[in-house]
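A.B. asks: Have a look at this one before I ask anything.
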Amino acid sequence: MSTTVIRPKNRAEWLEYRKSGIGSSEVATIVGLNPWETPYQLWRRKMGLDAPKEETFAMKAGHYLEDAVSQFWQDATGREVIKRSTGDWIIRNNERPYIQVSPDRTYWLEGMKHNSDNKGILECKTTQMAIDGDDLPKHWFCQVQYQLGGAELTTGSIAWLTQGREFGYRDLALVPDFYGWLVEEVERFWTDNILGKKEPAAVSVQDVLLKYNRHTDGKIAEVSEEVFEAYTRLKEIRRDMAALDKEKEALEERLKLGFGDAEAISYEGQTLATWKAAKDSEKFDAKAFTADHPDLAREYTKTVAGTRRFLLK
Numbered sequence: 021m022s023t024t025v026i027r028p029k030n031r032a033e034w035l036e037y038r039k040s041g042i043g044s045s046e047v048a049t050i051v052g053l054n055p056w057e058t059p060y061q062l063w064r065r066k067m068g069l070d071a072p073k074e075e076t077f078a079m080k081a082g083h084y085l086e087d088a089v090s091q092f093w094q095d096a097t098g099r100e101v102i103k104r105s106t107g108d109w110i111i112r113n114n115e116r117p118y119i120q121v122s123p124d125r126t127y128w129l130e131g132m133k134h135n136s137d138n139k140g141i142l143e144c145k146t147t148q149m150a151i152d153g154d155d156l157p158k159h160w161f162c163q164v165q166y167q168l169g170g171a172e173l174t175t176g177s178i179a180w181l182t183q184g185r186e187f188g189y190r191d192l193a194l195v196p197d198f199y200g201w202l203v204e205e206v207e208r209f210w211t212d213n214i215l216g217k218k219e220p221a222a223v224s225v226q227d228v229l230l231k232y233n234r235h236t237d238g239k240i241a242e243v244s245e246e247v248f249e250a251y252t253r254l255k256e257i258r259r260d261m262a263a264l265d266k267e268k269e270a271l272e273e274r275l276k277l278g279f280g281d282a283e284a285i286s287y288e289g290q291t292l293a294t295w296k297a298a299k300d301s302e303k304f305d306a307k308a309f310t311a312d313h314p315d316l317a318r319e320y321t322k323t324v325a326g327t328r329r330f331l332l333k
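If you use the working numbering, the sequence shown corresponds to residues 21 to 333, in order.
See below:
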């Protein structure tokens with residue numbers, strides 16, 4: 021096999037190895053199929069412009085629950101998960117060292133000798149989403165295909181636990197043409213964007229704010245006809261919404277006239293709406309405090325950077 025297995029001493033060392041290549045959790049981002057991250061955001065992290073992602077509770081829970089998901093999968097399929105495949109490890113492609121994958125688990129293929137060629141890859145997921153096994157999330161599919169191709173294996177499976185209540189799995193075979201496309205895109209990203217330090221294009225508002233969180237005074241950008249068409253359509257939609265808001269306010273006022281001092285109104289026994297006063301609350305009077313204690317107010321006042329405000333002309 022033209023791959024090398026790397027077994028870091030600990031998770032910290034594993035995370036360091038991940039910086040030297042493109043892992044399977046990143047490939048969907050590169051090809052634009054990750055709903056949670058863009059190529060520009062990934063590039064910024066890879067280049068050290070932004071801090072690495074902090075491990076959230078959900079991420080930590082998913083890591084801890086890999087054992088549970090793999091056990092559910094083993095019970096459902098009767099296949100044997102390879103014990104040595106637990107933990108943090110890496111399979112690195114010798115020809116393209118930047119291709120590196122870290123399978124959650126591997127398993128022995130049924131009815132075949134236990135050797136390095138007769139293995140499958142198991143990806144374990146915990147999620148809050150309802151999953152349709154016939155329509156897997158695209159970034160999940162990319163992840164497994166990249167793992168299979170990177171590990172030079174042809175058979176895999178993805179298993180998921182939804183809200184701790186529902187289990188499912190789907191077997192997947194390597195799709196060589198799709199994996200080939202992933203390799204082309206990863207190689208381009210690694211060569212042009214990482215080694216060549218070329219910024220990927222901004223494809224979301226968050227990308228623009230990451231790059232330009234402040235405007236340049238006096239600068240005006242000439243836009244394309246496509247952007248002008250979006251402007252024109254937005255103006256039309258805002259006019260329609262303004263008319264609807266005006267009608268909504270008039271209808272609400274008509275309803276409120278029917279309340280008097282009642283907390284609810286009804287029609288033929290059906291409650292239509294309620295109109296009740298909220299509980300009394302206390303509010304800090306910052307203006308009065310500043311007037312009475314100006315020195316103390318200044319001590320506890322900080323400057324907050326203004327955000328870019330969008331106004332349609």
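We put the CB at the ideal spot given by N, CA and C, even for glycine.
Under a Cβ-count criterion, where at least 16 other Cβ atoms within 10 Å of its own Cβ denotes burial, should Val228 be classed as buried or exposed?
C.D. replies: Here residue 228 refers to the residue found at position 208 of the sequence shown. Exposed, since its Cβ has fewer than 16 Cβ neighbours within 10 Å.
A.B. asks: Output the distance between the C-alpha atoms of Phe330 and Val225, rounded to the nearest integer angstrom.
C.D. replies: The count along the sequence shown starts at 1 and reaches residue 330 at position 310. The count along the sequence shown starts at 1 and reaches residue 225 at position 205. Roughly 11 Å separates the two Cα atoms.
A.B. asks: Beta-carbon separation of Ala179 and Phe248 under 8 Å?
C.D. replies: Position 159 of the sequence shown holds residue 179. Position 228 of the sequence shown holds residue 248. Cβ distance not < 8 Å, so Ala179 and Phe248 don't count as in contact.
A.B. asks: Quick one: residues in its chain with C-beta nearer than 8 Å to the C-beta of Met132, no 5 flanking neighbours on either side, listed in chain order?
C.D. replies: Looking up residue 132 in the sequence shown gives position 112. Counting only Cβ-Cβ distances below 8 Å, and skipping sequence neighbours, we find Asn138.
A.B. asks: DSSP beta-bridge partners for Ile110?
C.D. replies: The residue labelled residue 110 in the question sits at position 90 within the sequence shown. The partner list for Ile110 (beta bridge, DSSP) reads Ile26.
A.B. asks: If I follow the unbroken beta strand (DSSP E) through Asp191, where does it start and stop?
C.D. replies: To locate residue 191, count along the sequence shown from 1; it is residue 171. Its beta strand (DSSP E) spans residues 186 to 193.
A.B. asks: Relative to the C-alpha of Leu69, which candidate in Thr76, Phe77, Tyr60, Glu75 has its C-alpha closest?
C.D. replies: Your numbering for residue 69 matches position 49 in the sequence shown. Leu69 has its Cα closest to that of Tyr60, out of Thr76, Phe77, Tyr60, Glu75.
A.B. asks: At what residues does the alpha helix (DSSP H) containing Lys158 begin and finish?
C.D. replies: For this step, residue 158 is matched to residue 138 along the sequence shown. Note, Lys158: alpha helix (DSSP H), 158 to 171.
A.B. asks: Where Glu57 and Arg258 are concerned, what is the direct C-alpha to C-alpha distance, given to the nearest angstrom?
C.D. replies: For the purposes of this step, residue 57 is taken as the residue at position 37 of the sequence shown. For the purposes of this step, residue 258 is taken as the residue at position 238 of the sequence shown. Taking the straight line joining both Cα atoms gives about 29 Å.
A.B. asks: Identify which residue in Ser44, Trp63, Asp152, Pro55 has its Cα closest to the Cα of Arg190.
C.D. replies: In the sequence shown, residue 190 corresponds to position 170, counting from 1. Comparing Cα-Cα distances from Arg190 to each of Ser44, Trp63, Asp152, Pro55, the minimum goes to Asp152.
A.B. asks: If you draw a straight line from the C-alpha of Ser44 to the C-alpha of Gln94, how long is it?
C.D. replies: Counted from its first residue, the sequence shown places residue 44 at position 24. Counted from its first residue, the sequence shown places residue 94 at position 74. One C-alpha to the other measures close to 23 Å.
A.B. asks: How big is the Cα-Cα spacing for Asp237 and Ala71?
C.D. replies: Here residue 237 is taken as the residue at index 217 of the sequence shown, counted from 1. Here residue 71 is taken as the residue at index 51 of the sequence shown, counted from 1. Those two C-alpha atoms are separated by around 29 Å.
A.B. asks: Rounded to the nearest angstrom, what separates Lys322 and Ile141 at their Cα positions?
C.D. replies: Locating residue 322 in the sequence shown gives position 302, counting from the first residue. Locating residue 141 in the sequence shown gives position 121, counting from the first residue. Their backbone Cα atoms lie some 52 Å apart in a straight line.
A.B. asks: State the beta-bridge partners of Gly176 as determined by DSSP.
C.D. replies: In the sequence shown, counting from the first residue as 1, residue 176 sits at position 156. In DSSP, Gly176 forms a bridge with Ile141, Leu192.
A.B. asks: Using only alpha-carbon positions, find the residue among Pro117, Ser90, Asp154, Thr147 that is nearest to Arg125.
C.D. replies: If you number the sequence shown from 1, residue 125 lands on position 105. Per the Cα distances, Ser90.
A.B. asks: How many whole angstroms separate the CB atoms of Leu230 and Arg104, which I take to be in contact at a CB cut-off of 8 Å?
C.D. replies: Taking the sequence shown and counting its residues from 1, one reaches residue 230 at position 210. Taking the sequence shown and counting its residues from 1, one reaches residue 104 at position 84. With 8 Å as the limit, Leu230 and Arg104 do not qualify as a contact, their Cβ atoms being about 41 Å apart.
A.B. asks: Just to confirm before moving on: does the CB-CB distance between Leu168 and Thr146 stay below 8 Å?
C.D. replies: One-based indexing of the sequence shown puts residue 168 at position 148. One-based indexing of the sequence shown puts residue 146 at position 126. No; because the gap between Cβ atoms is not below 8 Å, this pair is not in contact.
A.B. asks: Indicate whether Arg2 and Thr23 have their beta-carbon atoms separated by less than 8 Å.
C.D. replies: It is not possible to answer for residue 2, since the shown part of the chain is limited to 21 through 333.
A.B. asks: Start and end of the alpha helix (DSSP H) containing Ala48?
C.D. replies: Here the question's residue 48 lines up with position 28 in the sequence shown. Where Ala48 is concerned, the enclosing alpha helix (DSSP H) stretches over 44 to 50.
A.B. asks: Expressed to the nearest angstrom, what Euclidean distance is found between the alpha-carbon atoms of Ala171 and Val121?
C.D. replies: In the sequence shown, residue 171 corresponds to position 151, counting from 1. In the sequence shown, residue 121 corresponds to position 101, counting from 1. The straight-line gap from Cα to Cα measures roughly 7 Å.
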